[in-house]
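Encoded as structure tokens, the structure appears first; notes follow it.
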Amino acid sequence: MQISRKLKQENIAEYLLYMWQVEDLIRAYSLDIDRLDSEYISRFQLDEQAHGEMREWYENLIEMMRSENVAEKGHLQINKNVLIWLTDLHQQLLKSPKYPFYSAAYYKALPIIVELRRKAGDNAAGELETCFQALYGVMLLRLQGKPVSDDTNTALTTITQFIGLLSDYYHKDKQETLEF
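As structure tokens, this is what we get:
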């Protein structure tokens, strides 16, 4: 909860990846708040108020996942909204001649995005979501201690640079409204 607030203010890309991880964590506990509380939240050794706030945050997310029918797969609308905002900004940045470094980063990542979407076939997502899926997938592999190939690491570096730049522009736009 506190992590999500901080990430949303500082790095929207990391926030989205964190929230996808939270969705998967909730699924791992079968959307059971009591089990999530006793086996996960309790590990943080929080004071009573902080514990209650964290439990309530997870309860609210669980309710949202149920009501939005994403208990087994998919993403909460709040997370989809982040992708929508980023996609809108992405389109504006590409159209504007004022952001050539952004366009260069995008076109450098584009062949990788195209290849990932080709491999996804009928399940292909939009370009930005494809990037986030790649970042999230490699993050999960690393958390599991599984190897990541050199080619994947190289591709991931390119995607990370592109998404990092988009995230930076997102925060600049929130602070001072970018001119296009």
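Each residue of the sequence shown is one higher than the last, beginning at 12 in this note's numbering.
We put the CB at the ideal spot given by N, CA and C, even for glycine.
By alpha-carbon distance to GLU50, the top candidate from ASP58, GLU190 and ILE37 is ILE37.
Per the C-alpha coordinates, the member of ALA135, ALA120, ALA136 and ARG66 positioned closest to THR168 is ALA120. Under the criterion of beta carbons closer than 8 Å, LEU27 and PHE143 qualify as touching, at roughly 6 Å.
Per DSSP, the continuous alpha helix (DSSP H) segment holding LYS185 begins and ends at 161-187. Proximity to THR98 across VAL149, MET30, ARG16 and ALA24 peaks at ALA24, based on C-alpha coordinates. Secondary structure of ALA82 (DSSP, three-state): coil. In the structure shown, GLY137 adopts coil according to DSSP, grouped into three states. Distance from TYR118 to LEU104 at the Cβ level is roughly 12 Å; contact not present, criterion being Cβ atoms closer than 8 Å.
Within the same chain, MET12 and ILE52 come within 6 Å of MET65 by CB-CB distance, once the 5 residues on both sides are set aside.
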